[in-house]
Ligand SMILES: Cc1cc2nc3c(=O)[nH]c(=O)nc-3n(C[C@H](O)[C@H](O)[C@H](O)COP(=O)(O)OP(=O)(O)OC[C@H]3O[C@@H](n4cnc5c(N)ncnc54)[C@H](O)[C@@H]3O)c2cc1C
Ligand SMILES: Cc1cc2nc3c(=O)[nH]c(=O)nc-3n(C[C@H](O)[C@H](O)[C@H](O)COP(=O)(O)O)c2cc1C
Ligand code: FES
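Encoded structure:
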């Protein structure tokens, strides 16, 4: 066991660094510039039952120390992901991947997870519940403990793989959602997804993003994410993957000191494609500086 | 794609708001005119995409307009400053489509990417017509340079202060074999309507990454969705779907 080794829901990883869903595609763009097998694993682009084009553009805005996106879950749909993306990925990534799943009804989630459960390359299912529930008045599944629990139960029924429920920070009490998922059988939790935000273009006096609002990510949200990870880790017993604004080895250590078993890195990959490679390389020295022998001792 | 450090060699004003920057570094990933680079600027989270205006072995020329804080900061970078740069981004123009008498249509800071293209087409012995469109005389740059390449160079200004009064579409030659264009959206739409041959259009979009990872820049085309940063920025005339 190396100094950086961690375990996530029973699966061992060489290190805790996981590129976050939506910021790493299906890995190939990054495999062009570094060997992505150095990663703990990565979470692939949010996949839905049907193909989705997503929102109109502009989908991206900048903010101090971060960005806002309203991509709208553009993805080729689960069948194409299985038929085309996973075989392509297999050539450049030899570890288990984290499958990120989105849906607009409980049945969608269950269907997509069941299809991905059959794939040997998939190690974990990460279920993004920040999506609107089209049969439930359009509120996000992740804002309502009952809806979050219902998705968790439906997904648990169709898979033996570890199920990690990815929580939305756009709620009053994130620990209530976390507990509901744990009680419904979730094997782990990941947080946070993006925080709702917007920008207005002073020249046009219109929102920069075509969809008006989007999700804020990047270092700007790190303190909020850290606070929520801290709270959730004290509210549940299942492992928590912490994310939101992580951009350095020190950020990883801080997030793990808050209780995270592993971390995801999102927007940093977009501005520095080698961000995760560098963070992993920097970890041992940063650990030395703070007298940390192994990451697993931070638990 | 490559991520390397470039060093500013020179940075000079061409007009009140347009600058030419030359950069020294590893240009091996830059393979075609119409590609772009993505620059990391201190204090800004997202990179700034800028088209390659010219590229020799180890030297990159960019021409940019100051429109906001990032490009304003770029305009103040002194010689010797280092910039973390992603190179070799985007597909670029396809020179094999040119035919004998290609037409280049550029508007404002859509002109720069056409320069390296013109240079390459001239080197292949093509008869190149370049129509460069600006708002007014004070904003004109590049005219001399296109002439020096031996292009039939026409300049239009919207206010008639220099060259032909009107837009690039008011200065089209009688005939041409193929066209290449880059410029603001209204110009691209006019070019689409007024041209009679096939052609290639270069598009801009707000970018999260510039290298295909975030899906921030997708556009619908007749051939399915394309990422402007990866399968673009150059699209074929016949595949474009205009959305408004
Ligand atoms: C493929 C491509 C090639 C380009 N080539 C050139 C060029 O050769 N010369 C040139 O002057 N300009 C070019 N642009 C436009 C240039 O990227 C923007 O003017 C620049 O990013 C503005 O940054 P800012 O900080 O000054 O403006 P701000 O408005 O403060 O920027 C805020 C955010 O919006 C983005 N943004 C603003 N305007 C644009 C735009 N038009 N296109 C894309 N993103 C934008 C910025 O990158 C930044 O993320 C190109 C754009 C693209 C997509
Ligand atoms: C461009 C972009 C696309 C994203 N797409 C998804 C997605 O498809 N599914 C998902 O669960 N999260 C998605 N996210 C959220 C990230 O995975 C992550 O939760 C969030 O960005 C916070 O981490 P960060 O600050 O390190 O980026 C996306 C984020 C960005 C910036
Ligand atoms: S800007 Fe990220 S995919 Fe094009």
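Residue numbers (this note's numbering), protein chains in the order written: chain A, 1 to 299; chain B, 1 to 244.
Where is the CB? At the ideal position from N, CA and C, for every residue including glycine.
Three or more Cβ pairs drawn from the region 177-191 of chain B and the region 107-114 of chain B lie within less than 8 Å of each other, which places the two stretches in contact.
With a threshold of 6 Å, the Cβ atom of residue 194/A counts as near ligand 2, since some heavy atom of the ligand is closer than that. Closest by C-alpha distance to residue 220/B, out of 155/B, 231/B, 210/B, 28/B, is 231/B.
It is roughly 22 Å from the alpha-carbon of residue 131/A to the alpha-carbon of residue 226/A. Sequence-ordered contacts of the region 204-217 of chain A with chain B read 208, 209 [C-beta pairs closer than 9 Å]. Residues of chain A with a Cβ closer than 7 Å to the Cβ of residue 46/B are, in chain order, 62, 67, 271.
Per the coordinates, the alpha-carbon of residue 37/A lies some 9 Å from the alpha-carbon of residue 31/A.
Taken from the Cβ of residue 83/B, every heavy atom of ligand 1 lies 6 Å or farther away. By the beta-carbon neighbour count (other beta carbons within 10 angstroms, threshold 16), residue 118/A is exposed.
Where residue 115/A is concerned, the enclosing alpha helix (DSSP H) starts and stops at 106-117. The Cβ-Cβ distance between residue 74/A and residue 215/B falls below 7 Å. Within the region 70-88 of chain A, the residues whose Cβ lies closer than 7 Å to some Cβ of chain B are 71, 74, listed in chain order.
Among the residues facing chain A, residue 211/B is included, as its CB has a counterpart in that chain under 7 Å away.
Scanning chain A for C-beta atoms nearer than 7 Å to the C-beta of residue 108/B yields nothing, as the closest lies near 16 Å away.
Taking a beta-carbon distance threshold of 7 Å, residue 103/A does not count as an interface residue toward chain B.
Segment contact: the region 72-88 of chain A against the region 11-18 of chain A, fewer than three CB-CB distances shorter than 8 Å; contact not assigned. Under the three-state reduction of DSSP, residue 31/B is assigned to coil, being neither helix nor strand. Residue 267/A has its Cβ nearer than 6 Å to a heavy atom of ligand 2. If you check the CB distance, residue 149/B and residue 119/B come in under 7 Å. Interface criterion not met: the Cβ of residue 227/B is under 7 Å from no Cβ in chain A.
Under the 10 Å beta carbon count, residue 290/A is surrounded by fewer than 16 other beta carbons and is classified as exposed. Contact between the region 54-70 of chain A and the region 193-210 of chain A is established, with three or more Cβ pairs separated by less than 8 Å. For residue 220/B, the C-beta contacts it makes with chain A under 7 Å involve 53, in order along the chain. Straight-line measurement puts the Cα of residue 55/A at about 7 Å from the Cα of residue 70/A.
For the region 66-124 of chain B, the continuous beta strand (DSSP E) assignments of 3+ residues that do not extend past its boundaries occur at 82-89, 102-107, in sequence order.
In the three-state DSSP reduction, residue 19/A falls in the strand class (E or B). In this structure, the C-beta of residue 50/B approaches ligand 1 to less than 6 Å from one of its heavy atoms.
A Cβ of chain A is located within less than 7 Å of the beta carbon of residue 216/B.
DSSP places residue 220/B in the strand class (E or B) of the three-state scheme. The beta-carbon separation of residue 63/A and residue 199/A, rounded to 6 Å, stays under the 8 Å limit for a contact.
For residue 233/B, the closest alpha carbon among the candidates 15/B, 135/B, 204/B is that of 204/B.
Residue-level contact by beta carbon holds for residue 206/B and chain A, with a gap shorter than 7 Å. Taking the C-beta atoms as reference points, residue 176/B is found nearer than 7 Å to residue 103/B.
Relative to the non-hydrogen atoms of ligand 2, the Cβ of residue 20/A comes within a distance shorter than 6 Å of at least one. Neighbours of residue 289/A across chain B, judged by C-beta separation under 7 Å, do not exist; the nearest C-beta is about 25 Å away.
Here DSSP, grouped into helix, strand and coil, assigns residue 197/B to coil.
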